[in-house]
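S.K.:
Protein chains: 2
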Amino acid sequence: MDRVIPKPTVKRLNLYAREVQRMIDVGQQKVSSSDLGNRVGVKSNQVRKDLAYLARDEVAGDHGRAGIGYDCERLVVGIEKLVGAQKRWSLALVGVGNIGRALLSYASFDEEGYPIAAAFDANEKMVGKRIGRWEVQPMTQLSRTIKARRIPIGILAVPREAAQGLADQLCAVGVVGLLNFAPMQLTVPPHVIVANIDLTITLKQLSMDIALKSGSGRSSHRRRKERS
Amino acid sequence: MDRVIPKPTVKRLNLYAREVQRMIDVGQQKVSSSDLGNRVGVKSNQVRKDLAYLARDEVAGDHGRAGIGYDCERLVVGIEKLVGAQKRWSLALVGVGNIGRALLSYASFDEEGYPIAAAFDANEKMVGKRIGRWEVQPMTQLSRTIKARRIPIGILAVPREAAQGLADQLCAVGVVGLLNFAPMQLTVPPHVIVANIDLTITLKQLSMDIALKSGSGRSSHRRRKERS
DNA sequence: GCTTGTGAATTTCTTCACAGCT
DNA sequence: AGCTGTGAAGAAATTCACAAGC
Chain V
2 MDRVIPKPTV
12 KRLNLYAREV
22 QRMIDVGQQK
32 VSSSDLGNRV
42 GVKSNQVRKD
52 LAYLARDEVA
62 GDHGRAGIGY
72 DCERLVVGIE
82 KLVGAQKRWS
92 LALVGVGNIG
102 RALLSYASFD
112 EEGYPIAAAF
122 DANEKMVGKR
132 IGRWEVQPMT
142 QLSRTIKARR
152 IPIGILAVPR
162 EAAQGLADQL
172 CAVGVVGLLN
182 FAPMQLTVPP
192 HVIVANIDLT
202 ITLKQLSMDI
212 ALKSGSGRSS
222 HRRRKERS
Chain X
2 MDRVIPKPTV
12 KRLNLYAREV
22 QRMIDVGQQK
32 VSSSDLGNRV
42 GVKSNQVRKD
52 LAYLARDEVA
62 GDHGRAGIGY
72 DCERLVVGIE
82 KLVGAQKRWS
92 LALVGVGNIG
102 RALLSYASFD
112 EEGYPIAAAF
122 DANEKMVGKR
132 IGRWEVQPMT
142 QLSRTIKARR
152 IPIGILAVPR
162 EAAQGLADQL
172 CAVGVVGLLN
182 FAPMQLTVPP
192 HVIVANIDLT
202 ITLKQLSMDI
212 ALKSGSGRSS
222 HRRRKERS
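Take a look at the structure:
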């Protein structure tokens, strides 16, 4: 009777979907929980538990067949239904510096249903330039454009000092999610959700993990270690 | 008697250190667990529990003073001792496309003790170019350079199709950590640790979180929602 | 009054183990 | 034989609640 899906499960479901899609591209039709687990770096038990959430949802439907496995096609469809990949969310990119430009050239956003709908920069030399199919807009247009086009998610790719102020602006004009590349914690109204991409923190964790593993030898599992 | 520091705690300790450093820059001398908690988006209880790990470590030392708080200076020093920020780790950047170039221009890596020591690309037009202070090297130099300079961490900023092969190469020449920007799970030997920066998965989680929060109104806590 | 530190309770997530289907 | 689904056990992380210091 549990309607809520655990956070870690949501994440893994997305990984499964991507992996299974890739198997389909290669002509595979069935997949077992242990196959999938190996590819994603997760125990087969965990895979089955995660996939069991599909069956609990009316629309996603049941899937596994004992002795056989899961049908790839149905599986990705089911996961996407459950985990909401059906909707498209447009993005507003704020900051067209190095990271911003990299994001504009990053085709996957589009392909995955997250089109960048507009790009803004404070730098006058940047404003008006065309980058790919975007024309960089001045910050003065930010509210207007986001409101008019009802863009739900903002990407902050600006220097740390500017991030909080722009986050405030974005929240004020109705954004409900932020993808934050600035190395700081943003403070936002309670209805807004922030996802941080924090490169230096990630690197620090990585090096800490490396340092720790050197000290603690013997682990029986033999595949891979993963951090998000 | 617990020598091991929980993963989530390591992450938060890094966030605390950064935040406290910023307070120092602004002239602050003391900080309380609730101050710090507010800034990082964590309950004060949690902050204290996390900081208690400092006292358990001989070298990091004890810190909090009841009724007063923590001394900012000593705190960052203590955290950095505990969480290993003293060591420098050099990086090998593999792939000088959009993301790769953005990383080369990203000053924080250097400042935080993670200098990019070399950059490689498979594209002949790229090889030999100077970008900032780096000269892009051909992939044929990859093993030589990494072995010679004993670079411990590789950054994979290459297309998905190339990622696994290059990961294999990097692991073969002694890298012990990988920062992977390719949208896939890498398979690596057990002693190598992988940290993934997965933009589309992050976006999918973000949009799922947004969708969920719309459905479940009343939560009593009022600050921010954070995902890594 | 405001603060830290911490055992105990609680919640969340993972792993185990096995019944049951193909 | 090989596989799924799941209750039960276990482990990990968070939150509570309160004694004790300033």
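Going down the list, the sequences are from chains V and X.
2 is the number of the first residue of the first sequence in this note's numbering; add one for each residue after it.
2 is the number of the first residue of the second sequence in this note's numbering; add one for each residue after it.
Where is the CB? At the ideal position from N, CA and C, for every residue including glycine.
1. Using a C-beta to C-beta distance shorter than 8 Å, which residues of chain X count as neighbours of L94(V)?
2. Give a yes or no on whether the C-beta atoms belonging to R13(V) and V32(V) are separated by under 8 Å.
3. For the region 39-62 of chain V, which residues have a beta carbon sitting closer than 8 Å to at least one beta carbon of chain X?
4. Mind listing the chain V neighbours of D169(X)? Cutoff is C-beta to C-beta under 9 Å, in chain order.
5. Would you please verify whether the beta carbon of A86(V) is less than 8 Å from any beta carbon of chain X?
6. To which residues does DSSP link L94(V) through a beta bridge?
7. Measure the CB-CB distance between L37(X) and I202(V) and report whether it falls below 8 Å.
8. DSSP puts P139(V) in a beta bridge; with which residues?
9. Taking only beta-carbon atoms, is D210(V) less than 8 Å away from chain X?
10. Looking at the structure shown, is G130(V) part of a helix, part of a strand, or coil, going by DSSP?
11. Under 6 Å Cβ to Cβ from P139(X), same chain only, skipping five residues before and after it: list those, please.
12. How about V11(V): is its C-beta nearer than 8 Å to some C-beta of chain X?
13. For V193(X), collect the residues of the same chain with a Cβ closer than 8 Å to its Cβ; drop the 5 residues on either side in sequence, then sort them by chain order.
14. Of all Cβ atoms in chain X, is any one closer than 8 Å to the Cβ of N124(V)?
15. CA-CA distance, V84(V) and V60(V)?
16. Apart from the five residues on each side of it in sequence, which residues of its chain come closer than 7 Å, Cβ to Cβ, to K126(X)?
17. Please work out which residues of its chain come closer than 8 Å, Cβ to Cβ, to I147(X), disregarding the five sequence neighbours upstream and downstream, and give them in chain order.
18. Quick one: residues in its chain with C-beta nearer than 6 Å to the C-beta of R89(V), no 5 flanking neighbours on either side, listed in chain order?
19. Check the Cβ-Cβ distances between F121(V) and every residue of chain X, and say whether any is below 8 Å.
20. Nearest by alpha-carbon distance to R161(V): which of L143(V), Q206(V), E136(V) and P184(V) is it?
21. Residues of chain X with a CB under 7 Å from the CB of E136(V): which are they?
22. Quick one: Cα of A1(V) to Cα of V137(V), how far?
23. So, with DSSP's three-state summary, where would you put G70(V)?
24. Could you list the residues in the region 169-189 of chain V with a C-beta less than 9 Å from some C-beta on chain X, going in chain order?
25. Taking a Cβ distance cut-off of 8 Å, strictly less, list which residues of the region 152-166 of chain V are near chain X, in chain order.
26. For R131(X), which residues in chain V fall below 7 Å Cβ to Cβ?
27. Looking at the unbroken alpha helix (DSSP H) that takes in Q22(V), where does it start and where does it end?
28. So what does DSSP say about V32(V), is it helix, strand or coil?
29. What did DSSP end up calling K44(V) once you bin it into helix, strand or coil?
30. For G79(X), does the count of other Cβ atoms within 10 angstroms reach 16, so buried, or fall short, so exposed?
31. Which of the three DSSP states is assigned to K50(X) in this structure?
M.R.: On the basis of the data shown:
1. Under the 8 Å cutoff, chain X gives no residues; its nearest Cβ is about 12 Å from L94(V).
2. no
3. R40, V41 and G42
4. The contacting residues do not exist; D169(X) stays about 13 Å from chain V at best.
5. yes
6. A120(V) and I156(V)
7. no
8. D122(V)
9. yes
10. Looking at the sequence provided, one finds Lys at residue 130(V) rather than Gly. In the structure shown, K130(V) sits in coil (DSSP, three-state: anything other than H, G, I, E or B).
11. V128
12. yes
13. C172, V176, V177, G178 and L179
14. no
15. 11 Å
16. none
17. A93, A119, G155, L171, V174, G175 and V176
18. G114
19. no
20. P184(V)
21. Result: empty, since nearest Cβ-Cβ is about 19 Å, beyond 7 Å.
22. There is no way to answer for residue 1(V), as the model of chain V reaches only from 2 to 229.
23. strand
24. V177, G178, L179, L180, P184, M185, Q186, L187, T188 and V189
25. P153 and I154
26. Within 7 Å Cβ-Cβ: nothing; R131(X) doesn't reach chain V, min ~16 Å.
27. K8 to D26
28. strand
29. coil
30. buried
31. helix
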